[in-house]
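To start, the structure under review is shown below, and the notes come after it.
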Amino acid sequence: MQIQVQKLRDALKLLEPVVPKKTSLPILHNALIKGGKAIAGDMETFVLVDLPEADIDFLVPHKAVMQLLNYVPGTETLSIEVNKELKLTWDGGKASYPIAKPKDYPGIKEIKPKVQGTMDGNVLVNALESVAHYCSTDEARPVLTGVIIFPGDKLDVAAGDGYRMAYQTISASFPIKEPLIIPAGSVSLLGSLWRHTTPDSVSGDSIIERVLSKRQIELAFAKDEGFPDKLQMRFGEVTVQAKLIAGEPPNFKQLVPKKAPTMVQLFPGDLERAIKRL
Numbered sequence: 259m260q261i262q263v264q265k266l267r268d269a270l271k272l273l274e275p276v277v278p279k280k281t282s283l284p285i286l287h288n289a290l291i292k293g294g295k296a297i298a299g300d301m302e303t304f305v306l307v308d309l310p311e312a313d314i315d316f317l318v319p320h321k322a323v324m325q326l327l328n329y330v331p332g333t334e335t336l337s338i339e340v341n342k343e344l345k346l347t348w349d350g351g352k353a354s355y356p357i358a359k360p361k362d363y364p365g366i367k368e369i370k371p372k373v374q375g376t377m378d379g380n381v382l383v384n385a386l387e388s389v390a391h392y393c394s395t396d397e398a399r400p401v402l403t404g405v406i407i408f409p410g411d412k413l414d415v416a417a418g419d420g421y422r423m424a425y426q427t428i429s430a431s432f433p434i435k436e437p438l439i440i441p442a443g444s445v446s447l448l449g450s451l452w453r454h455t456t457p458d459s460v461s462g463d464s465i466i467e468r469v470l471s472k473r474q475i476e477l478a479f480a481k482d483e484g485f486p487d488k489l490q491m492r493f494g495e496v497t498v499q500a501k502l503i504a505g506e507p508p509n510f511k512q513l514v515p516k517k518a519p520t521m522v523q524l525f526p527g528d529l530e531r532a533i534k535r536l
């Protein structure tokens, strides 16, 4: 296999947040190169990055290879051979690493979508991230440890830890019939990847149309009997597969009074400064 150093480095860099630093499965310290993809995950969330040059299957010790590639010029062509070890060669250098077998890496199943849709990615990602800070960290109440998407003509996105809560209604639709609970860690990862992924080519003939063009995200919800439900999110060259949290979440909107007993209007900056002085 041959690939430009910069191309492999960029793919591994995108996978970095999802490669666990501590895990009971040491094989997860690797990235799997298979079927034109670079793949890594922590068993809760898996990320797949398009890598068309990947015409052989092998595991990459992520941390070690990233450290090496940081010192190899990005324009160099990297030749990769896999036998009993992983061998990397480029003009003026070479390196080799012991590797595990790709078949030992946790399987990434191709999902069979029950529901699919496309929406404005900026709207969805911003909404998920804005409420994620309100998720609980108490694993004894798993339904509160994730961000919830409630079905409807307009989606409600909410989170709460039993003491505080936040929700936001977004002008987007996704034809689900039941709430989806996305782990807070998956939301954080999604936000990071969204910001660090090159947007798809924008459409439009004029500069104004291109500036106003909405960056899309493709969603697919899958149910697989005997396995956790999954939500797949794809944008650009990146696909995120998140295992959803099972359970019935509280209806946060019922906790909000329809008519507030007391209302006050303040300038946000004044309120923030006053609170910080306390």
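Numbered per this note's numbering, the sequence shown spans residues 259 to 536.
Even glycine gets a Cβ: it sits at the ideal position worked out from N, Cα and C.
Bounds of any beta strand (DSSP E) do not take in K265; it lies within the alpha helix (DSSP H) bounded by V263 to L273. At a Cβ-Cβ threshold of 8 angstroms, V305 and V496 count as neighbours.
In the three-state scheme derived from DSSP, where H, G and I count as helix and E and B as strand, D313 is classed as coil. Of the candidates Q512, L317 and M259, the residue whose Cα lies closest to the Cα of E343 is L317. Inter-segment contact for the stretch 307-322 and the stretch 287-297 is present: three or more beta-carbon pairs are separated by less than 8 angstroms.
In this structure D378 is in contact with Q474, their Cβ atoms being roughly 7 angstroms apart against a cut-off of 8 angstroms. T303 and L447 do touch by the CB rule: their CB atoms are close to 6 angstroms apart, below 8 angstroms. Inter-residue distance for Q374 and I434 is about 9 angstroms (C-alpha atoms, whole angstroms).
DSSP places P284 within a helical segment (H, G or I) once states are collapsed to three.
Of K265, P284 and A358, the smallest CA-CA separation from K295 is found for K265. Distance between A385 and N341, taken at the CA atoms: about 46 angstroms.
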